[in-house]
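As structure tokens, the structure follows; a few thoughts come after it.
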Amino acid sequence: MHVRGGDGGGPMTKMNSLSLQILKGRRLMMFGSLLIMNSAGLSYVFGLYSGEIKSSLGYDQSTLNLIGFYKDLGANIGIVSGLINEVTPPWVVLAIGAVFNFFGYFMIWLGVTERIAKPLVWQMCLYICIGANSQPFINTGALVTSIKNYPESRGILIGVLKGYTGLSGAVVTQVYHALYGEDPKSLILLVGVIPAVVCVVFLPTMRIMNAPRQPNELTLLYRFLYISLGLAGFLMIIIIIEKRTIFSQSQYGGSAAMVLFLLFLPIAFVIRDEYKAWKSKREAIKNDRSVIEVINGEDLSKKTNGEAIIPNEIQKFSVTKPSDDAEKSIKLSCWQTAFQTPERGEDYTILQAIFSIDMWLILLASMCGLGGTLTVIDNLGQIGASLRYPKKSISTFVSLVSIWNYLGRVVSGLVSEILIKRYRTPRTLILTLTLLLACIGHLLIAFDIPNGIYFASVIIGFCFGAQWPLLFAMISELFGLKYYSTLFNFAAIASPVGSYLFNVRVAGYLYDKEAKKQMAALGLVRKAGEDLKCTGVECFKLSFIIIAAMTFFGTIASFILTLRTKKFYKTDIYKKFREPQVEEEVK
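Mapping to the UniProt record's numbering: the sequence shown position 453 is 453, numbers consecutive.
As structure tokens, then:
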């Protein structure tokens, strides 16, 4: 018996069906993650408006660096966001992040523009900590959700997502100049508004999906990567042109329009791929309806209506009673199993990971690497001013750091993924080489090589960006994905700890010491509320020699971790993520 069936539905129904698939699809979730992550890195433009905070509120360098430390502290203390994400949908942490971001930076803007009474130092520290603390909430909501949706492509995925985060500084710089010209106070307001708006817009799309893997998903990720490379290339060209000529606000408007076009271009590929998938799905349904098979003269559709056809052999199954050993293991508390380390790659509990030697080696290497590079990024304005670079060059430094921050994230994620799959190269070895390269960047600043700050901006931006995908990927590979939301936020604590030690206790202290020494030599006395300025190579020389030495110490810790994990990376670390897909295809 053959029964012909129609495809059903008119043009409006088909359009609604396609729109629904796009809105609920994994691809739009990925695009939303790109924009959310791009907005999540605006704490890195602190160097553009830190001078305005310093002069408007009359701070010295130590106080400014203390504020910078609380920014880094807020940006990296994400354990709370991780724990919340373990028990709530992703949109919850994104919503919290949007509120934190707007409140924190809006209060700073009110203080700097004198719309409220002059904030005390502890209030400014609190505001910027709250504003920057939106970053781990946004990271957790977008990054963790994407990794759980694309577990087999985590290297390139983390590289692309964190790469967009790295580009955020250069992107917002173009938009800021187009809208406000040279007004750092308005930039603070922009930093408060953009991430909040983007998060709210994409709240409905961010969720973990259990849909079957699509064969072209990796291709889409590569398309996103190529577009981001084009965006980075365009920004690099614009930066070079800006250095040679003076841009008007209308010219900045043209460059900002092109940046936004490239930023939103991936949505075209999302719609195209979803349309192809929707069309294929409709054709498959049409073909299924065209012929209804008849077995033994009985309509199969009637027999299977509401019940599955399962062979008797499969229906007869028994429930195995847990063994005594299994019951005992269930009753063990988390503290009793904290030191019972599983095999690398298996799902660790939170305590098992925290008490692991591998985790502490990661923390030590990250503290030295991230802390040192963050100190450069937060002090770019003061470093450039002390070495007598013009303000235009300082803006160039910030943009260079942002672009090479992006390239570091993309290259480390992509290259390390290729090396793992083809040559079984430990991802920890890439981290070791990255930290070694960072030492060179610190020494270029310390000894004020002619035009060395330009090269240092490139090296430091690249190394800072490269560390994040490596860190997040290593955490997921070594300790599993079960408690990944909490564990990757725990590992990120290394960044503010390193920032406090190197930025506040070393760079800030030695800068102020040298500035007071210069004032004393000129017979000047600092007035209350007057900012403290230092000029010359000695302002940061000793600081970055110390930071270079500590970064090399972190390199040694990373190399030890490489030796410990070498055997693990020689295995097929993604095997268990492919097995469920095979079973699903067989079914």
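A virtual CB, placed ideally from N, CA and C, is assigned to each residue, including glycine.
For residue j and residue i, the rounded distance between their alpha carbons
{"i": "residue 116", "j": "residue 185", "result": "14 Å"}
{"i": "residue 604", "j": "residue 71", "result": "Because the chain spans 1 through 587 in this model, residue 604 falls outside it and cannot be assessed."}
{"i": "residue 305", "j": "residue 286", "result": "Since pLDDT at residue 305 reaches only 46, below the 50 mark, its modelled position is unreliable, and the value read off the structure follows with that caveat. Cα to Cα, residue 305 sits roughly 19 Å from residue 286."}
{"i": "residue 256", "j": "residue 499", "result": "32 Å"}
{"i": "residue 507", "j": "residue 74", "result": "20 Å"}
{"i": "residue 183", "j": "residue 352", "result": "49 Å"}
{"i": "residue 520", "j": "residue 372", "result": "30 Å"}
{"i": "residue 177", "j": "residue 276", "result": "40 Å"}
{"i": "residue 18", "j": "residue 279", "result": "9 Å"}
{"i": "residue 163", "j": "residue 410", "result": "5 Å"}
{"i": "residue 571", "j": "residue 490", "result": "26 Å"}
{"i": "residue 461", "j": "residue 283", "result": "49 Å"}
{"i": "residue 134", "j": "residue 251", "result": "32 Å"}
{"i": "residue 567", "j": "residue 425", "result": "10 Å"}
{"i": "residue 41", "j": "residue 166", "result": "6 Å"}
{"i": "residue 228", "j": "residue 30", "result": "14 Å"}
{"i": "residue 91", "j": "residue 207", "result": "7 Å"}
{"i": "residue 549", "j": "residue 347", "result": "35 Å"}
{"i": "residue 394", "j": "residue 449", "result": "16 Å"}
{"i": "residue 477", "j": "residue 37", "result": "22 Å"}
{"i": "residue 344", "j": "residue 81", "result": "25 Å"}
Endpoints, alpha helix (DSSP H) assigned at residue i
{"i": "residue 44", "result": "Residue 44 -> no alpha helix (DSSP H), and no H or E assigned at all."}
{"i": "residue 511", "result": "509-521"}
{"i": "residue 123", "result": "121-132"}
{"i": "residue 477", "result": "452-479"}
{"i": "residue 423", "result": "391-423"}
{"i": "residue 490", "result": "484-491"}
{"i": "residue 103", "result": "90-112"}
{"i": "residue 234", "result": "217-244"}
{"i": "residue 541", "result": "541-569"}
{"i": "residue 209", "result": "Counting along the chain, residue 209 falls outside any alpha helix (DSSP H), and DSSP gives it neither H nor E."}
{"i": "residue 257", "result": "249-264"}
{"i": "residue 181", "result": "Neither: residue 181 is in no alpha helix (DSSP H) and is coded neither H nor E."}
{"i": "residue 534", "result": "Run containing residue 534: none; DSSP gives neither H nor E here."}
{"i": "residue 426", "result": "Looking at the DSSP string, residue 426 is not in any alpha helix (DSSP H), and its letter there is neither H nor E."}
{"i": "residue 143", "result": "It is not in any alpha helix (DSSP H) - residue 143 carries neither H nor E in the DSSP assignment."}
{"i": "residue 503", "result": "No alpha helix (DSSP H) contains residue 503, which DSSP labels as neither H nor E."}
{"i": "residue 347", "result": "Premise fails: residue 347 is in no alpha helix (DSSP H) and is neither H nor E."}
{"i": "residue 72", "result": "61-76"}
{"i": "residue 365", "result": "357-378"}
Supposed contact pair residue j and residue i - C-beta distance, whole angstroms, cut 8 Å
{"i": "residue 403", "j": "residue 232", "result": "5 Å"}
{"i": "residue 169", "j": "residue 137", "result": "The pair is not a contact, with the Cβ atoms about 19 Å apart (cut-off 8 Å)."}
{"i": "residue 452", "j": "residue 405", "result": "The Cβ separation is near 19 Å, so there is no contact."}
{"i": "residue 263", "j": "residue 172", "result": "About 11 Å; that fails the 8 Å criterion."}
{"i": "residue 35", "j": "residue 198", "result": "5 Å"}
{"i": "residue 99", "j": "residue 141", "result": "Not really, about 13 Å apart at Cβ, beyond 8 Å."}
{"i": "residue 569", "j": "residue 427", "result": "7 Å"}
{"i": "residue 39", "j": "residue 195", "result": "4 Å"}
Same chain, Cβ closer than 6 Å to residue i, five either side skipped, listed in chain order
{"i": "residue 124", "result": "67"}
{"i": "residue 223", "result": "269"}
{"i": "residue 225", "result": "160"}
{"i": "residue 175", "result": "256"}
{"i": "residue 542", "result": "510"}
{"i": "residue 243", "result": "396"}
Contact test: residue i Cβ vs the ligand MN heavy atom, cutoff 7 Å
{"i": "residue 170", "result": "The ligand MN is not part of the structure shown, which contains no ligands of any sort."}
Proximal residues to residue i (C-beta, below 7 Å), its chain only, five neighbours per side dropped
{"i": "residue 188", "result": "49, 105, 108, 109, 112"}
{"i": "residue 157", "result": "146, 147, 150, 221"}
{"i": "residue 60", "result": "512, 531, 532"}
{"i": "residue 557", "result": "361, 364, 365"}
{"i": "residue 316", "result": "In this predicted model, residue 316 has a pLDDT of only 41, less than 50, meaning its place in the structure is not dependable; the value taken from the coordinates is given anyway. Closer than 7 Å at the Cβ level, and outside the excluded window around residue 316, lies no residue."}
{"i": "residue 341", "result": "352, 356"}
{"i": "residue 297", "result": "At residue 297 the pLDDT is 49, less than 50, meaning the model places this residue with poor confidence; the figure from the coordinates comes in the next sentence. Hits under 7 Å: none found."}
{"i": "residue 553", "result": "368"}
{"i": "residue 312", "result": "Because the pLDDT at residue 312 is just 46, under 50, the model does not fix this residue reliably, and the value given afterwards should be weighed accordingly. If we look at residue 312 and ignore the five residues flanking it on each side, it has no Cβ neighbours."}
{"i": "residue 501", "result": "371"}
{"i": "residue 27", "result": "220, 270, 273, 274"}
{"i": "residue 130", "result": "74, 100, 103, 104"}
{"i": "residue 493", "result": "76, 77"}
{"i": "residue 144", "result": "85, 484, 485"}
{"i": "residue 474", "result": "362, 427, 428"}
Contacts around residue i, its chain only, beta-carbon distance under 8 Å, and the 5 residues preceding and following it disregarded
{"i": "residue 23", "result": "204, 205"}
{"i": "residue 53", "result": "59, 64, 67, 108, 112, 124"}
{"i": "residue 538", "result": "514"}
{"i": "residue 463", "result": "369, 373, 408, 434, 435, 437, 438, 441"}
{"i": "residue 132", "result": "43, 70, 71, 72, 73, 74, 75, 104"}
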